[in-house]
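*Asks:* As you go down the protein sequences, you meet chains A and B in turn.
Residue numbers for the first sequence follow the UniProt record's numbering, beginning at 1 and rising by one.
Residue numbers for the second sequence follow the UniProt record's numbering, beginning at 1 and rising by one.
What follows is a structure written as structure tokens; I'll ask about it next.
2 protein chains.
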Amino acid sequence: MSTDNGTPPNHEDGADPNGLRDSSDYINPIWIERLRAHLGAHDSAELMDMMGPLHSADTGDVLEALEAAERFELVKQLGERFDFSALTEVDESVRTELMELLPNADIARGVSGLDNDDAVFILEDMEHGDREEVLSALPTFERLSLKRSLDFPEESAGRRMQTDFIAIPPFWTVGQTIDYLRNEEDLPDEFYQIYVVDVSYNVLGIIPLDKFLRSYRQRRIQEIMNANVILVDANEDQEEAARDFERYDLVEVGVIDESRRLVGVLTVDDMVDVIHEEADEDIKRLGGVGDEDISDNMVDTVRSRTPWLVVNLVTAIVVSMIIGLFNATIEQMVALAVLMPIVASMGGNAGTQTMTVTVRALAMRQLDGRKLRRLITREMAVGLVNGLIFAVLIGVVTALRFGNIQLGIVIGLAMVINLIVAGTAGILIPVTLDKLKADPAIASSVFVTTVTDVVGFFVFLALAGLWFGLF
Amino acid sequence: MSTDNGTPPNHEDGADPNGLRDSSDYINPIWIERLRAHLGAHDSAELMDMMGPLHSADTGDVLEALEAAERFELVKQLGERFDFSALTEVDESVRTELMELLPNADIARGVSGLDNDDAVFILEDMEHGDREEVLSALPTFERLSLKRSLDFPEESAGRRMQTDFIAIPPFWTVGQTIDYLRNEEDLPDEFYQIYVVDVSYNVLGIIPLDKFLRSYRQRRIQEIMNANVILVDANEDQEEAARDFERYDLVEVGVIDESRRLVGVLTVDDMVDVIHEEADEDIKRLGGVGDEDISDNMVDTVRSRTPWLVVNLVTAIVVSMIIGLFNATIEQMVALAVLMPIVASMGGNAGTQTMTVTVRALAMRQLDGRKLRRLITREMAVGLVNGLIFAVLIGVVTALRFGNIQLGIVIGLAMVINLIVAGTAGILIPVTLDKLKADPAIASSVFVTTVTDVVGFFVFLALAGLWFGLF
């Protein structure tokens, strides 16, 4: 997400006790204290000595290690020497907060030096009015190019692409191209392949740099280019593009617009971030938290978590009403109240196991029809086998604990039924959500545990009521 | 994980109804049926027409879409034309099964054409005896190079590295280097940077290809090289190396051995796989499943899930014993049994939310001392605020449902306490596990929900007993 315009620390030399990172790879508190001292003393030469050599990823981590007021102070004191691409490396809440404090004129100056993709990343979350103000302060060419990227949908390839790339005609020779590359000043900072295009920028082929380097000067580009090219539509979701990168081991790919003109390129470093974000999103959604960061404040955190807890409260009340149906049964045999959470809890866990595997398989597009049928069969069988194992275990424990073999049989039966239900629900619920175009990671958890709770309590209490004639 | 030696399908043209993938990016059943027909007819020309043009990633997906017997049949019929690098793209269980069916001589022939890293990936899971047999059938140079990689620890950079790279002396000129690249036959398939080394292969600097391409022929290598190089120790964990790639947007990095000699290179495509695997591992561990794939059979699945369910059974029994303490209380007031799962369930969910955020922050090395203190404060505050919100909600619902305001107050109090406990446990448990060098993703879930269950049931029942004088 950033240009490689700083120096990463050299890890393999072992951690310097006064260096930027400690031996566990965390930002070193000693380093931060030294920075703080210079910040307090307004010693901008020393500040620059410390911050200047940093890679933007490290600058981002330093910003995150500071308090909010210090971050603004640091950016202010560094002035024009602050590397705005570091803003692409911090949590959204840190970026938003800092951007709100900074004057729009400073932001315009800061982003105008950046790669197109970094600038878009920083501008896309700004409020409309502020963003327009920043854009209008930029040089025309840059403004138009940024506006164009911002016109593509959020999280699309068009938003993540870099608009600088190398495009040459097919009739050039290798020698001509090398001379062009050596003499042209305005080239992208980094590139991994050369695009061969016709006059209307339709892509005819690509040449990876290693292959290009090994070709003789007199060869024609069209003879050495690879005409079988993967291209990505600018409107395509970034996640789909990332899947192509992962599957086909790509390093760079061309992005085309509706009229099939080459408008930019995606590079693997941005896709690595996307892959990481998407996995992170899945983990958080499965855990019942939204798009939150550890830097979010308390109010935002409460706001993002409450909806999920409300849903859980409603389902918990439903479960409690199911138990309420067996009021009289429990009154006659309090042991049931003591035992009932065991069946529900085991079902919840078994269901979560199946659901986790299913959600991952869906996210990675592994579940075609045949595999789905296999998975359903397997999970029901696993539910049955685990059900039998744990039925015997809990049956024996219960019989011994309450001196009541029949109670052991009842809880064992309930266990088998609930674990089969757990396996089935754990797979059918995420698959159904996926078919309905909903994200299975978001809602599967709550549905699965509701099913296993309802079935767990109901089956156990109903079986016990019938067996012991308590109705 | 594989060389780019096949043609990926061109997505942006829209899905061909008879093509390899359908519109949702799954392997097309129609395509597979056609392949099956050729397989049945032993029509090797047609088979090759279908399989030949595929990228190894697609070949891998095709293998997974077939039944076990068909996979072996396909590999057998393709013979020497089967692309062994596809084996790096399939689930471990599919690979293991296929490898056991294939004669070691075929495996030796298959891996001998592969990149070093792909060959290691395929060989590392083989049984010792079989592996030695395969290795001894390989040409000396290849055998030694593979053995060397296999000597590095599992999941280390040394295991993932590619041992082909371009190393040149610092006193060469750009022109000399270009001529060498053009004339030398035995070069890596793909490379993104050139390594500058001294006589003992110590790295003096690197030159990215784009920078190299733009330099004039007469320039000396040592003038244009970047002497500030990131290198990775061959014994370093692949996950740490992947973190460097992600943080510093790397595409390729040199790997050095104990004596600091350059022994190989890591490329970003392999690191993308590592990043994905690690995230996947975290998700599965949080969901209580081990290293399992959807291709695993039923017995393996039961085996991998049972330990977790046993742990859960034990904790569920402990929780049930806590409830058992309040036998007499529940007997006097059955409404308590009906309500008690609500407090526990809300605590479990709130605790899981906090734990998820903490586990992710730990995995991404985001939690230094200051952030940890901030997070603890925030989570306890979130617990208090959410506790108050849900105390009022459940208090009102309970008071109305049972016509008992005092019962509403008791459950509300229990809710506040349990949600604060949930926030605290959700953060302290994973952090403690991390400090003890245990993986917080594995065991946090069970500890957190045990704490919230125990506290939830105990506090609610004890408060009710005290309030209503039921002891």
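Beta carbons are placed, not taken as given, at the ideal position from N, Cα and C, and that holds for glycine.
Within the 7 Å Cβ cut-off, does residue 345(A) reach chain B?
*Replies:* So, interface residue.
*Asks:* Is the CB-CB distance between residue 252(B) and residue 265(B) below 7 Å?
*Replies:* It is a contact, given that the beta carbons lie within the stated cut-off.
*Asks:* Any chance you could list the alpha helix (DSSP H) runs of at least 4 consecutive residues sitting entirely within the stretch 244-326 of chain A, in chain order?
*Replies:* Entirely contained in the stretch 244-326 of chain A, the alpha helix (DSSP H) runs reaching 4 residues are, in chain order, 268-286 and 298-324.
*Asks:* Just the Cα atoms here: how many angstroms apart are residue 292(A) and residue 204(A)?
*Replies:* Spanning the two alpha carbons is a distance of roughly 43 Å.
*Asks:* By Cβ distance below 6 Å, which residues in the same chain neighbour residue 417(B) in space, the five residues on each side in sequence not counted?
*Replies:* Taken in chain order, the residues that qualify are 459.
*Asks:* Do the CB positions of residue 357(B) and residue 302(A) come within less than 7 Å of each other?
*Replies:* Cβ atoms of residue 357(B) and residue 302(A): not closer than 7 Å.
*Asks:* Where do the ends of the alpha helix (DSSP H) carrying residue 188(B) lie?
*Replies:* No alpha helix (DSSP H) holds residue 188(B); DSSP gives it neither H nor E.
*Asks:* How would you list, in chain order, the residues of chain B whose beta-carbon sits under 9 Å from the beta-carbon of residue 25(A)?
*Replies:* What residue 25(A) touches in chain B: 240, 243 and 365.
*Asks:* Given this structure, state the Cα-to-Cα distance separating residue 17(A) from residue 29(A), to the nearest angstrom.
*Replies:* The straight-line gap from Cα to Cα measures roughly 10 Å.
*Asks:* Just the C-alpha distance for residue 383(A) and residue 374(A), rounded to the nearest angstrom, thanks.
*Replies:* If I take the Cα positions, the gap works out to 14 Å.
*Asks:* For a minimum of 4 consecutive residues, which ranges assigned as the alpha helix (DSSP H) are wholly contained in the stretch 359-419 of chain A?
*Replies:* List check, alpha helix (DSSP H) in window: 369-402.
*Asks:* Please classify residue 126(B) as buried or exposed, where buried requires at least 16 other C-beta atoms within 10 Å of its C-beta.
*Replies:* Flag for residue 126(B) reads buried.
*Asks:* Is there contact between the stretch 396-410 of chain B and the stretch 309-328 of chain B, where contact requires at least three CB pairs shorter than 8 Å?
*Replies:* These segments do not touch.
*Asks:* Which residues, in order along the stretch 189-211 of chain B, keep a beta-carbon less than 8 Å from a beta-carbon of chain A?
*Replies:* Listed by position, the residues of the stretch 189-211 of chain B near chain A (Cβ gap below 8 Å) are 190, 191, 192, 208, 209 and 210.
*Asks:* For a cutoff of 7 Å on Cβ pairs, would you count residue 246(B) as touching chain A?
*Replies:* At least one chain A Cβ lies under 7 Å of residue 246(B).
*Asks:* So, using beta-carbon positions, are residue 380(A) and residue 347(A) closer together than 7 Å?
*Replies:* Cβ atoms of residue 380(A) and residue 347(A): not closer than 7 Å.
*Asks:* Looking at the structure shown, is residue 210(A) part of a helix, part of a strand, or coil, going by DSSP?
*Replies:* Residue 210(A) falls in the helix class under three-state DSSP.
*Asks:* Ignore the nearest five residues each way along the sequence and tell me which others in residue 457(B)'s own chain have a CB closer than 7 Å to its CB.
*Replies:* Contacts found: 319, 322, 323, 340 and 344.
*Asks:* Relative to the alpha-carbon of residue 246(A), which residue among 315(B), 70(B), 276(B) and 369(B) has its alpha-carbon at the smallest distance?
*Replies:* Out of 315(B), 70(B), 276(B) and 369(B), 276(B) has the C-alpha closest to the C-alpha of residue 246(A).
*Asks:* List the residues of chain A that residue 456(B) touches, going by C-beta distances under 9 Å, in chain order.
*Replies:* Ordered by position in chain A, no residue passes the 9 Å Cβ test against residue 456(B), which lies about 10 Å from the chain.
*Asks:* Quick check: residue 256(A) and residue 262(A), are their CB atoms within less than 7 Å of each other?
*Replies:* Yes, these two residues count as a Cβ contact at 7 Å.
*Asks:* Starting from residue 222(A), follow the alpha helix (DSSP H) in both directions and report where the run begins and ends.
*Replies:* From DSSP, the alpha helix (DSSP H) with residue 222(A) extends over 221-224.
*Asks:* Would you mind working out which of 67(B), 463(B), 217(B) and 412(B) sits nearest residue 313(A), comparing C-alpha positions?
*Replies:* Residue 313(A) has its Cα closest to that of 412(B), out of 67(B), 463(B), 217(B) and 412(B).
*Asks:* By Cβ distance, which residues of its chain are closer than 8 Å to residue 274(A), with the 5 residues on each side in sequence left out?
*Replies:* Excluding positions up to five away in sequence, the list reads 160, 238, 239, 241 and 242.
*Asks:* Assuming contact is defined by CB atoms lying nearer than 7 Å, are residue 118(B) and residue 88(B) in contact in what I supplied?
*Replies:* Cβ atoms of residue 118(B) and residue 88(B): closer than 7 Å.
*Asks:* Quick check on residue 38(A) - is its C-beta less than 7 Å from some C-beta in chain B?
*Replies:* Not closer than 7 Å to any Cβ of chain B, the Cβ of residue 38(A) fails to qualify, so no.
*Asks:* Does the Cβ-Cβ distance between residue 467(B) and residue 421(B) come in under 7 Å?
*Replies:* Going by C-beta atoms, residue 467(B) is not nearer than 7 Å to residue 421(B).
*Asks:* Go ahead and label residue 74(A) buried or exposed: buried means 16 or more other beta carbons lie within 10 angstroms of its beta carbon, across all protein chains shown.
*Replies:* Buried, because 16 or more other Cβ atoms sit within 10 Å of the Cβ of residue 74(A).
*Asks:* Nearest by alpha-carbon distance to residue 184(B): which of 48(A), 187(A) and 210(A) is it?
*Replies:* Of the candidates 48(A), 187(A) and 210(A), the one whose C-alpha sits nearest the C-alpha of residue 184(B) is 210(A).
*Asks:* Under the assumption that residue 372(B) contacts residue 181(A) (Cβ atoms under 8 Å), give the Cβ distance between them as a whole number of angstroms.
*Replies:* The Cβ separation is near 49 Å, so there is no contact.
*Asks:* Please look up how many angstroms separate the CB atoms of residue 194(A) and residue 229(A), rounded, as I've assumed it's under 8 Å.
*Replies:* That belief does not hold up - the Cβ atoms of residue 194(A) and residue 229(A) are roughly 12 Å apart, past 8 Å.
*Asks:* At least one CB of chain B closer than 7 Å to the CB of residue 323(A): is that the case?
*Replies:* For residue 323(A), the answer is yes, since a Cβ of chain B falls inside 7 Å of its Cβ.
*Asks:* For the beta strand (DSSP E) containing residue 233(A), name the first residue and the last one.
*Replies:* From DSSP, the beta strand (DSSP E) with residue 233(A) extends over 231-233.
*Asks:* Which whole-angstrom value describes the C-beta separation of residue 294(B) and residue 363(A), a residue pair presumed to lie in contact below a C-beta threshold of 8 Å?
*Replies:* Not a contact, Cβ separation roughly 12 Å.
*Asks:* What is the DSSP secondary structure of residue 199(A), counted as helix, strand or coil?
*Replies:* Coil.
*Asks:* Compute the Euclidean distance between the alpha carbons of residue 138(B) and residue 23(A), then round it to the nearest angstrom.
*Replies:* Their backbone Cα atoms lie some 41 Å apart in a straight line.
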